[in-house]
Each structure stands twice: as structure tokens, then as C-alpha cells.
Amino acid sequence: MTGRTLPLVLTIFAFLLPIFFVPNAAFPFELSKAYLALIAVALIFIVFSIQTLRSGVLKFRSSALLFAVLVLPLTYLLSALFSSVPSLSFFGYEIDQDTFGFMALCAALALSVTLAADSESRVAAVLRALYVGGALMLLFQVIQLLFHAPINFGLFSSPIQNLLGKWNDLALFAGFMGSLSLLIFETVQLSTVRNIFVWVTLILSVVVLVLANLPLAWVLFGLASFILLIFSFMRRHLHRSLAGAGGIASLVALALVVFFLFFGARVSTTLQNHFSISALEVSPSMKGTLGVLENVYAKRPLVGS
């Protein structure tokens, strides 16, 4: 029973991650998801411990990539110890990003995935759950964007407020969902209903990308589209009898990426104005970032600030 519980916990977590939130202003969306991840990690390690005690055998897969992931929280721990404000560097105010606590949680989650998704079928189940949850989140967000946040819950006063938190995070997640849609088209045989579902999810992803118009999200989505387009051409060259929507979808996606990266700023701005979407996330320029780094590492060469 415990052997099935591990992947079940991870699958449920993957489905809930994009859509989970606490309907209370005291719990920001990022904090809600951090607590959800903490619960999932705790459950997975508890079940894994019970399973190990019952069988008397410790099964664990190690890899160079996993050890590289574990180096991250260790680096953050070292940085926090030398920080001028250790309490904030360890956990921030609420397990903030870019703190030791958050990185430790991410590393523990990565380790949990290796414990629970230990076969191809289990990995596929987790990805399916994440994809369905992500599609529901995108549907909700597109409704919010196009109809001026009709669903409120006392939390969504603006169309750009979303279940992920930051506006740019939503754009990056839309690019990820769009890339996953193209991958599904190219690698999975779909029924008519599932084919429609994936097409709708891909369209929702593009709608969010257009309205957000984040260059990084477009670049990553375009890179995935290009790789899958090449894969599609090679696949059809080797198996001439195969046909599907993967190549067409990747080609159209790549064309949209090129258009909006070079010519689509006016289109996105017009749509943002029409739907009353106003979002500004300020980030320092490369010159400003390098200037800060130069001053910081002159004083703290080992771990910076």
C-alpha cells in the first residue's frame, strides 16, 4: 500500500500546485504554495520512512544532478551564516524566495520527486496531473483577464492578480504550459477529446503570453517550439507514415514567437489597454546589476550579500 501512496501524494500535489490558494488575504499565493509543498514533502518522507522500516531495505537513486541540487541549500546556508541579518537570510518573513528556507524546501521537494516518481509511468502520471491543474489555472486566469476579474473571492481586485503570484511568473508558467502542450502533440497519441483539451490549453497559454508580453517567456517558448519542430521533421523523415498536429503546432507557435518578439509590442499594448491590464514589474538593468555586484563582492567575495 505504501508503494502506491508515494506517487499518489506527489500526483495530488502536482495537480493542486497551480490552482491551490488559501482564500484569505493573510496568505499570499506564493506562501500558500510553499506550505502546500511543505505538507507534500513531509507526507512523502513519512510514507517513505514507513515503507523503509517495513521492508528493511533502503532504496534510493543517486545522481550527479541530485547532488548538484543539494549544493544550493548548502550555499544558501553558508551565505545566511555570514549575512548581516541572519534571521531574514534564513527564512525571510514567510519562507521568502531567495532564502535558505525556501531553497531547502525546493531541494527537499526535488529529492521527494526522485523517491515517489521512480518509473516512467509514475513520471507521466505526475506530469498529467500538473498539466490538468495548470490548464484549469490558465482557464481561470484568462477569464479574469478578459472579463475584468469577475471572480473575486475578496482577493482578485485586479485582472493581473493570479494564482501564481507575480505577473511575470504567470507569463513564464504560460510558456511552460504551451511548451508542454507542443510536447504532448509530438509524443502522445491522443483521442479526440484529449486532442481538443490540449489545443484549448495551448491557445490559453498563447493568450496569456500575448497579454503579458514578457520577452523571456517568449524566448523560452520559442526555443521549445524550435526544438520540437526539428524533432517533428526528423521523426517524419524516419517514419514517413506518421502524421500529427505536433509539427504544425510547433511551426505556428514559432511564427507567433518571432512576430511578438520583433513586431508584436504594439498589438500587446493595444490589447492590454482594451482589457484594462496594467502591470509593471521593475527590474534593474544589466549595468546596474553589475555595478551592485562589483561593490558587494569587493566587500564579501565568498558569498556576496
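For the sequence shown, the numbering used here begins at 37 and goes up steadily by one.
Glycine is no exception: its CB is placed at the ideal position from the N, C-alpha and C atoms.
Since the structure is predicted, the reported quantities are computational estimates derived from the model, not experimental observations.
What is the DSSP secondary structure of G128, counted as helix, strand or coil?
coil
Give me, in chain order, the residues of the same chain whose beta-carbon lies closer than 8 Å to that of V45; leave out the 5 immediate sequence neighbours on both sides.
A76, L79, I80, V83 and A152
So, using beta-carbon positions, are L42 and L72 closer together than 9 Å?
no
L206 to L89, Cα distance in whole Å?
42 Å
Going straight from the alpha carbon of A315 to that of A291, what length do you get?
26 Å
Taking its Cβ as the centre, do 16 or more other Cβ atoms sit within 10 Å of L124, making it buried, or is it exposed?
exposed
Using the beta-carbon count (16 or more within 10 Å), is T135 buried or exposed?
buried
Alpha carbon of S321 to alpha carbon of S194, nearest angstrom:
27 Å
On the premise that V234 lies in contact with S215, defined as a C-beta separation below 8 Å, what is that separation, rounded to the nearest angstrom?
Wrong, their Cβ atoms sit about 12 Å apart, outside the cutoff.
Local Cβ density within 10 Å of K323, reported as buried at 16 or more and exposed below that
exposed
Using CA coordinates, which residue listed in S312, L338 and T228 is at the minimum distance from L182?
S312
Please state the DSSP three-state secondary structure of G201.
strand
Option nearest G258 by Cα separation, candidates N231, L287, P109 and F118:
L287
Drop a sphere of 10 angstroms on the beta-carbon of I284, count the other beta-carbons inside from all chains shown, and report buried for 16 or more, exposed for fewer.
exposed
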